[in-house]
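Colleague: Numbering (this note's numbering), first residue to last: 1120 to 1428.
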Amino acid sequence: KKNVWIDCDPGIDDAIALAALAASQDLVNIHGISTVAGNQTIERVTTNALKLASFLKLNVPVVKGAEGPLIRAKEDAGHVHGTTGLGNTVLPDTDKTIVEGNTLQFVRDSIMDLPEGESMTLVPVGPLTNIALLLKVFPEVTEKIDEIVLMGGGTFGNRTPTAEFNIWGDPEAAKIVFDSAVPKVMCGLDVTHKCGLTRQQVEDIYKSDQDIQHKFGDMLNFYFDSPAYINSELVHIHDAVAVLYVTNPEIFTGIKVNVDVDCTDDINRGMTVCDLRHTAPDIKRDVLLLNDIEVDKFQDILLAKLNNL
Ligand code: BDR
Ligand code: CA
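(1) Closer than 7 Å between the C-beta and any heavy atom of ligand 2: which residues qualify, listed along the chain?
(2) Hey, is V1199 close to ligand 1, as in C-beta under 7 Å from one of its heavy atoms?
(3) Buried or exposed: which applies to N1427, given that a residue is buried once 16 or more other Cβ atoms fall within 10 Å of its Cβ?
(4) Got a sec: does ligand 1 put a non-hydrogen atom nearer than 7 Å to the Cβ of N1277?
(5) Closest to V1354 by C-alpha separation, out of F1341, E1262, V1362 and Y1364, would be which residue?
(6) Beta carbon of E1235: closer than 7 Å to some heavy atom of ligand 1?
(7) Please classify H1355: does DSSP put it in a helix, a strand, or coil?
(8) Assign D1212 to one of three DSSP states: helix, strand, or coil.
(9) Taking only the alpha-carbon atoms, compute the straight-line gap between E1194 and T1391 and give it to the nearest angstrom.
(10) Just checking my contact of I1217 with L1169 at CB under 8 Å: how many whole Å lie between their CB atoms?
(11) Taking all protein chains shown into account, decide if T1398 is buried (16 or more other Cβ within 10 angstroms of its Cβ) or exposed.
(12) Please report the distance separating the alpha-carbon of I1125 from that of V1244.
(13) Would you identify the three-state DSSP class for V1218, choosing helix, strand or coil?
(14) Where A1141 and E1369 are concerned, what is the direct C-alpha to C-alpha distance, given to the nearest angstrom?
(15) Consider the C-beta atom of E1283 and the heavy atoms of ligand 1; say whether any pair is separated by less than 7 Å.
(16) Which same chain residues, not among the five before or five after G1315, have their C-beta less than 7 Å away from its C-beta?
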């Protein structure tokens, strides 16, 4: 089984990513969940993560991470995920609480305490603030991270024409992560925009007589109704795509590239600059840029996971 740590900002697609992970415990050993300000404030996304963990019967530690980007002013995505971060969906209250103490230390120890020969797959699906801090403060983790499978970036943008929301939110953190020595998989818009669920599929989940599927269908309906999907046949469930890469890498295609991040304040702020044509011969190409996926299989696998909850 793969050892997995997920860093998230739930967030509707983050919620689906957690659900997909919870349904994959035959393949993954989930060590914990950290939160980061992104789609909503750190307080809201942390409350959501706690409620989701309980709702999904995920008995794993939840730790509260960064309340904002390394340098930039924070900006949420309430227009896509709603004021709470989970649309209009109300999840049951929980008495689960965060693990108090130093969050980075906790993540570091979870990685370093893995048995000899084992390593952690990090799955960040929000701004990369926590991961950048972890790599800088505790560089020894590098040795025990198998790969970082991140949702973010791409060769085009959604927050701006050239920048994706998670990278735009904290470009300096993203640069630290892309410059690190850890193997990286960029599950960005190139692949997340090639897959998703149809209205009918979302409706079927929503209409389920099981409360758990009904709630996730309710969130997805809200997401589908956001301005981004006005003319779209598919709702792109970005963060769940990263989880599916972890569990089902065989349905993806990608190329190895170098990725740099635009950390200016200009029009390309937060752009992931991908060396697609391999222009610089000596450059390190240590990022697997996912650029295609078998859509039918994506849908079948994701729906099966959601049905198995
Ligand atoms: C990313 O931005 C967020 O709104 C989503 O949760 C996802 O992580 C997509 O650009
Ligand atoms: Ca997210």
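A virtual CB, placed ideally from N, CA and C, is assigned to each residue, including glycine. Predicted model, so just to flag it, every value in this text is computed and none were measured.
Modeller: Short version:
(1) Put simply, the residues with a CB less than 7 Å from any heavy atom of ligand 2 are C1127, D1128, G1130, D1132, D1133, G1157, N1158, V1244, G1245, M1270, N1285, H1357 and D1358, in chain order.
(2) Using a cutoff of 7 Å, the CB of V1199 counts as near ligand 1, since one of the ligand's heavy atoms is closer than that.
(3) So N1427 counts as exposed.
(4) The nearest non-hydrogen atom of ligand 1 is less than 7 Å from the C-beta of N1277.
(5) Between V1354 and the set F1341, E1262, V1362 and Y1364, the nearest pair of CA atoms involves F1341.
(6) Not so, every heavy atom of ligand 1 lies at least 7 Å from the Cβ.
(7) Shown here, H1355 sits in coil according to DSSP, grouped into three states, outside any helix or strand.
(8) D1212: coil per DSSP, three-state reduction.
(9) When rounded, the separation of the alpha-carbon atoms in E1194 and T1391 is 19 Å.
(10) Between I1217 and L1169, the beta carbon gap of about 7 Å places them in contact (Cβ cut-off 8 Å).
(11) With fewer than 16 Cβ atoms within 10 Å of its Cβ, T1398 is classed as exposed.
(12) One C-alpha to the other measures close to 8 Å.
(13) Note: V1218 maps to coil in three-state DSSP.
(14) A direct Cα-to-Cα measurement between A1141 and E1369 gives close to 20 Å.
(15) For ligand 1, a non-hydrogen atom lies closer than 7 Å to the CB of E1283.
(16) If we look at G1315 and ignore the five residues flanking it on each side, its Cβ neighbours are L1353, V1354, H1355 and I1356.
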